[in-house]
Amino acid sequence: GFIIFIIWALATRTKKVALGFLAITIATSLVFPAFLVARNTAATGQAYISTNLGVTMRIGAGPGATGGYGNGGSDLVCPESEGSAADKDNAVVRCVIDWYLENPGEATSLVLRKAVFYWSPWFGPVANGTMARNPWNQNHPLKSTAQNQQGYDLIFGTIGKVVSWLWLLSTIGFMLFGFWILWRANGLERLLGVTALAVIIINMLVSMATIGDHRFRLPVAGLSLFLQGVGLAWAFSKRVRRSITGEEKLLWKSLTRTTNLPV
Numbered sequence: 001g002f003i004i005f006i007i008w009a010l011a012t013r014t015k016k017v018a019l020g021f022l023a024i025t026i027a028t029s030l031v032f033p034a035f036l037v038a039r040n041t042a043a044t045g046q047a048y049i050s051t052n053l054g055v056t057m058r059i060g061a062g063p064g065a066t067g068g069y070g071n072g073g074s075d076l077v078c079p080e081s082e083g084s085a086a087d088k089d090n091a092v093v094r095c096v097i098d099w100y101l102e103n104p105g106e107a108t109s110l111v112l113r114k115a116v117f118y119w120s121p122w123f124g125p126v127a128n129g130t131m132a133r134n135p136w137n138q139n140h141p142l143k144s145t146a147q148n149q150q151g152y153d154l155i156f157g158t159i160g161k162v163v164s165w166l167w168l169l170s171t172i173g174f175m176l177f178g179f180w181i182l183w184r185a186n187g188l189e190r191l192l193g194v195t196a197l198a199v200i201i202i203n204m205l206v207s208m209a210t211i212g213d214h215r216f217r218l219p220v221a222g223l224s225l226f227l228q229g230v231g232l233a234w235a236f237s238k239r240v241r242r243s244i245t246g247e248e249k250l251l252w253k254s255l256t257r258t259t260n261l262p263v
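Using the numbering used here, the first residue of the sequence shown is number 1, and each one after it goes up by one.
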């Protein structure tokens, strides 16, 4: 929400309005977390928002980690620390960051793998995440196909891997293409595209810093599907292309001028 207000403020031409948006954003950002701190203070006697960041970062880091859940545990050993739960969590976070800085090659490979997991399909050879209870996964038509050996070999073999990678890359490609279309349209469309992509990227970066999981894509699925829809509609619909670029409006103006000519 903070990023959305920042982008909107920067896109606002009037400085007073922009400052007003920033003031509202800062106030909101301070008030809402305060309720979480008050709840935790009443429950545990300690003032903090959350203490699971270090746990999730450690699962997705270290020499034995794959970047996702349940695919090999992390061998990263962090020294014991004293203090409150928040102090211990901060110590683990620093431990993970130190490992990333000391092992840039492994860290880069791990972070890129998390990005692939983040955009991976719900089911298939490339899928990686905690979506077992998701009805999209449970009722996936390919799941019943993979129950026999022939179907399993088809889906998890070379053909299935090629299709999964094409799906993954086309998902990202159409999303970026949709953003580019909105950027070219300028005006409110550009603001909408920048806001949607900014929220998606921030959500993806959080996953890349912690655990690669396609479940983390769900909170921003509406925004990514919106950008993908714009890209698909532009690619396959002339009417959408005219509408976004303004050609349809110019055509309508020219037609009205023609019809209003004196007889």
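From the three backbone atoms N, C-alpha and C, an ideal C-beta is built for every residue, glycine too.
Sequence-distant residues of its chain with Cβ nearer than 7 angstroms to residue i (five each side left out)
| i | result |
| --- | --- |
| residue 182 | 189, 190, 192, 193 and 230 |
| residue 83 | none |
| residue 200 | 220, 223 and 224 |
| residue 232 | 174 |
| residue 165 | 126 |
| residue 207 | 114, 118, 213 and 216 |
Cβ shell of residue i (< 8 angstroms), same chain only, five flanking positions each side left out
| i | result |
| --- | --- |
| residue 61 | 74, 76, 96, 99, 100, 107 and 110 |
| residue 256 | Note that residue 256 scores 42 on pLDDT, short of 50, meaning its location in the model is unreliable and no value can be drawn from it. |
| residue 163 | 124 |
| residue 156 | 124, 125 and 146 |
Residue environment, residue i, which counts as buried when at least 16 other CB atoms sit within 10 Å
| i | result |
| --- | --- |
| residue 89 | buried |
| residue 179 | buried |
| residue 144 | exposed |
| residue 113 | buried |
| residue 67 | buried |
| residue 92 | buried |
| residue 139 | exposed |
| residue 129 | buried |
| residue 235 | exposed |
| residue 58 | buried |
| residue 148 | exposed |
Same chain only: Cβ atoms within 6 angstroms of residue i, ignoring 5 sequence neighbours per side
| i | result |
| --- | --- |
| residue 127 | 120 and 121 |
| residue 177 | 231 |
| residue 317 | Residue 317 lies beyond the residue range present for the chain, which begins at 1 and ends at 263; the question has no answer from this structure. |
Residue i versus residue j: straight-line alpha-carbon distance, rounded
| i | j | result |
| --- | --- | --- |
| residue 171 | residue 158 | 20 angstroms |
| residue 237 | residue 103 | 48 angstroms |
| residue 198 | residue 228 | 15 angstroms |
| residue 79 | residue 53 | 16 angstroms |
| residue 133 | residue 217 | 15 angstroms |
| residue 115 | residue 55 | 19 angstroms |
| residue 63 | residue 124 | 26 angstroms |
| residue 167 | residue 81 | 44 angstroms |
| residue 154 | residue 135 | 23 angstroms |
| residue 195 | residue 150 | 45 angstroms |
| residue 105 | residue 209 | 15 angstroms |
| residue 204 | residue 152 | 30 angstroms |
| residue 146 | residue 131 | 17 angstroms |
| residue 187 | residue 226 | 18 angstroms |
| residue 137 | residue 202 | 25 angstroms |
| residue 141 | residue 169 | 21 angstroms |
| residue 94 | residue 69 | 21 angstroms |
- Query: When the Cβ atoms of the segment 113 to 120 are set against those of the segment 199 to 213, are three or more pairs found closer than 8 angstroms?
  - Reply: A contact exists between the segment 113 to 120 and the segment 199 to 213.
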